[in-house]
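2 protein chains.
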Amino acid sequence: MQSRRDFIQKLTGSVIALQISPAVIAASCNSAVTHYDGPVLRVAIMGLGSYGTRVAEAMKDCKKAKLVGVISGTPSKIKDWQAKYNIPEKNCYNYETFDQVKNNPDIDAVYVITPNALHHHQVIRVAKAGKHVICEKPMSINAKDGQEMVDACKKANVKLLVGYRMHFEPKTLEIIRMRKAGELGKVLFFQGLCGFNIGDPTQWRLNKQLSGGGSMMDIGIYAINGARYMVGEEPIWVTAQETKTNHEKFKEGVDETIQFQFGFPGGAVASCLSTYAMNNLDRFFLDAEKGYAELYPSTGYGPIQGRTSKGELTQPHVTHQTVQMDEMAGIIFEGKQPPVPVDGEEGVKDLKIIDAIFEAAKTGKKINLKL
Amino acid sequence: MQSRRDFIQKLTGSVIALQISPAVIAASCNSAVTHYDGPVLRVAIMGLGSYGTRVAEAMKDCKKAKLVGVISGTPSKIKDWQAKYNIPEKNCYNYETFDQVKNNPDIDAVYVITPNALHHHQVIRVAKAGKHVICEKPMSINAKDGQEMVDACKKANVKLLVGYRMHFEPKTLEIIRMRKAGELGKVLFFQGLCGFNIGDPTQWRLNKQLSGGGSMMDIGIYAINGARYMVGEEPIWVTAQETKTNHEKFKEGVDETIQFQFGFPGGAVASCLSTYAMNNLDRFFLDAEKGYAELYPSTGYGPIQGRTSKGELTQPHVTHQTVQMDEMAGIIFEGKQPPVPVDGEEGVKDLKIIDAIFEAAKTGKKINLKL
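In structure tokens form, the structure reads like this:
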């Protein structure tokens, strides 16, 4: 009820407003397949790049969330998006003006999909504007910044969620369910291989100032996060080994390939690979006393495929970002608890691990973790 | 020709002897499916345990090799084997008497299938008796002992081969062929997961004095060896992390679970796991610029299964030990060069890596390798 009240306050400060919200009416008309008539999360996307576009497209099918605004430094992109997604002029902002979202009763939340290093200040500014924040992963470029973001959102009494789309993926959730139900027995080993060959060397993901790192920030984080939700424990140590074959493309501080290992309190271990220089790497494997589970592909945007020792996983594919945004609306408005957290604290844990992996790779030492 | 001459000399010292060797005649009669009429490698097995039994059974189908003798400390086992495999009394030895194999013209080679720590002295004794030696892996419990074995066999002018059965497995060889032919492109990553849940805690494999270690000596060596023949390079560094959950079963010096990583000169990396405490771990995965290859199961005794980015591997299953023994006869008598070496030098390389893995696990340091 608390979160429902929050939502209503965000709308216009009155319960009446909810009943006449145009966004809610539109969503109700569009969702012929369901009878959802609860509140719709009205979202502005900050950062209109390729992933922002993917989220916008996926949100067309959302029932509980709707794209209603944009924040961008490129006026021509704003024009395009306005036309494409029917976004009113009053819901458009640039990076100088977006603090004014505070006074916009038609936006409930901002989804920050900008280069990693910018998340920290942008999320804090959104929080100060009194709007809920969804922040794309990695939440920031180190745990200290991440914690400041959590604190700022708490202080502003807004929700902070991280764009962990796999936390809503049906086959992933089935494995987590099986593990929690004890159907796999004691977990012994997790393997996460995450990587692809990154193209254009001039992109922001290879610019340390904007990315805060290389493959680890972008794709290795899936293995980190996957290790945690697959094993169901927090790692207590990490070791890591970095390999760089292309020093021109992957400059100082931008990791090309890092192998890393975890130990867990229950005795399980994990072996992971993060790389920007190999293809065919999108695999999770979980070994346990009573059986195994594997996903391949495990984190790509397309259909996830997988099997356990009991057989093929047959949960239907859903567009990850569609489900993520609908579920996040449920978290924000209904106080729903997802099977795996997607809040800021979850994001900070991954950042603490990334900090430790970088330290382990640099020093060659085993780094103990306390999450 | 050199090796053929060697063989002939081993028989009785005269070319005539070859033509009337009962073993050769028997093999010719038994091998209806082929027209092989070359020399047959007449083998005595030392160590009549479960793996020795497996080799003996597999050798029933050999065309170029034949079980003709036994060496055991257990008289009842010798009796059983004599009856089962039609072994004459004069080809039976125990651990006190087996040096006398020197004077037995009907035995060409001894296959040493005893606990790891015994290989060193036993192989040297066989070499001194002037017989070729096949030594089960691991060749010994450290590289120093292994090198002494190589030197002793060289000095005695006998061949020393290590029981690397996977070096003759058809699907494995197809991947190696593809890699060598450049069909996979530059190799980037190898993963070898090798392990099983070991049973009886009183067995010699869990006794450091006899085994020289734990899972690494027994099963981790497949991942080490596999990394080398799959990548096609020798590793230049290794890191390792040991985890022990059962200190009662896995005592000091007997490893339960070790994760280890390699770096290769061409920039490829490998991530491996050796364990005596998990099931479902028998997987190789090779990632390269133009595609991938995987084997699962990758090293078990049964049919190996696998695929590459070009499709399923369809090479027919062969009993590994049958092919191994036939091929080893070809190496010994015909000087055949297998696609991947199985000689003592190959064994020493794996032992140097095992030495380094143990050091890396103990010190936490990256250990540089020169193979």
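Protein chains in written order, with numbering that gives the first Met the number 0: chain A, 0 to 370; chain B, 0 to 370. A virtual CB, placed ideally from N, CA and C, is assigned to each residue, including glycine.
Checklist entry - Within 10 angstroms of its Cβ, does I24/A collect 16 or more other Cβ (buried), or is it exposed? => result Residue confidence for I24/A is low, a pLDDT of 35 falling below 50, so the modelled location carries little weight; the figure read from the coordinates is stated next. Label assigned to I24/A: exposed.
Item to check | Whole-number beta carbon distance between Q258/B and A276/B, since they are thought to touch under 8 Å | outcome: No, A276/B and Q258/B are not in contact; Cβ-Cβ is about 13 Å, not under 8 Å.
Next on the checklist: So, at 8 Å on beta carbons, what are the nonlocal neighbours of K335/A in its own chain, with the 5 sequence-adjacent residues on each side left out?
Outcome noted: E326 and G329
Next on the checklist: Check whether the stretch 158-168 of chain B and the stretch 339-358 of chain B touch, using three or more Cβ-Cβ pairs below 8 Å as the test.
Outcome noted: yes
Checklist entry - Closer than 7 Å, Cβ to any Cβ of chain A: which residues of the stretch 256-271 of chain B, in chain order? => result T256, Q258, Q260, G262, G266, V268 and S270
Checklist entry - Per DSSP, which one or two residues make a beta bridge with V42/A? => result L66/A and A108/A
Checklist entry - Which chain B residues are close to N279/A, counting only those with a beta carbon under 8 Å from its beta carbon? => result D286, G290, Y291 and S308
Item to check | Three-state secondary structure assigned by DSSP to D217/B | outcome: helix
Item to check | Whole-Å CB distance - A222/A paired with C271/A, under 8 Å assumed | outcome: 4 Å
Next on the checklist: Is there a Cβ of chain B sitting closer than 8 Å to that of L172/A, yes or no?
Outcome noted: no
Checklist entry - What is the DSSP secondary structure of C61/A, reduced to helix, strand or coil? => result coil
Item to check | Alpha-carbon spacing of H131/A relative to H120/A, whole angstroms | outcome: 15 Å
Checklist entry - Y92/B bridges to which residues according to DSSP? => result I70/B
Item to check | Amino acids of chain B, ordered along the chain, whose beta-carbon sits closer than 7 Å to that of A226/A | outcome: Neighbours of A226/A on chain B: none; closest Cβ ~13 Å, over 7 Å.
Next on the checklist: Whole angstroms are fine: how far does the CA of K127/B sit from the CA of V149/B?
Outcome noted: 12 Å
Item to check | Selection from E147/B, V253/B, M229/B and P200/B that minimises the alpha carbon distance to S214/B | outcome: V253/B
Checklist entry - For G129/A, which of K154/A, V111/A and L117/A has the nearest alpha-carbon? => result K154/A
Next on the checklist: Nearest by alpha-carbon distance to D281/B: which of W236/B, N245/B, I220/B and I235/B is it?
Outcome noted: I220/B
Next on the checklist: Residues of chain B with CB closer than 7 Å to the CB of G363/A, please, in chain order.
Outcome noted: K364 and K365
Item to check | Any C-beta of chain B under 8 Å from that of A359/A | outcome: no
Item to check | Where L47/B falls: helix, strand or coil (DSSP) | outcome: coil
Checklist entry - Can you tell me where the alpha helix (DSSP H) with V373/B in it begins and where it stops? => result Lying before the first or after the last residue shown, residue 373/B is absent from chain B, which here runs from 0 to 370.
Item to check | Integer Cβ distance of S139/B from L350/B, believed to fall under 8 Å | outcome: 6 Å
Item to check | Interface residues of chain B facing Q121/A [CB-CB closer than 9 Å] | outcome: By Cβ distance, chain B contributes nothing, its closest Cβ being about 35 Å from Q121/A, past 9 Å.
Checklist entry - Excluding sequence positions up to five away, which residues of its chain have a Cβ less than 6 Å from the Cβ of T321/B? => result A57, D60 and C61
Checklist entry - Does A155/A have its Cβ less than 8 Å from a Cβ in chain B? => result no
Next on the checklist: Given this structure, state the Cα-to-Cα distance separating E311/A from V230/A, to the nearest angstrom.
Outcome noted: 20 Å
Checklist entry - Per DSSP, what kind of secondary structure is F97/B in: helix, strand or coil? => result helix
Item to check | I356/B, DSSP secondary structure in three states | outcome: helix
Item to check | Expected contact under 8 Å - CB spacing of D105/A and R41/A to nearest Å | outcome: 6 Å
Checklist entry - Are the beta-carbon atoms of V67/A and N102/A separated by less than 8 Å? => result no
Checklist entry - In terms of alpha-carbon separation, which member of E247/B, E233/B and P296/B lies closest to G265/B? => result E233/B
Next on the checklist: So, for D144/A: in the same chain, excluding its five sequence neighbours on each side, which residues have a beta-carbon less than 7 Å away from its beta-carbon?
Outcome noted: H119
Checklist entry - Given that Q304/A touches chain B, what residues does it touch there, using C-beta distances under 7 Å? => result The premise fails here: Q304/A is roughly 14 Å from chain B at the closest Cβ pair, so nothing lies under 7 Å.
Item to check | Nearest neighbour of G162/A, chosen from D217/A, F195/A, I197/A and G212/A [CA to CA] | outcome: D217/A
Item to check | Residues bridged to C193/A [DSSP beta-bridge criterion] | outcome: S273/A and D281/A
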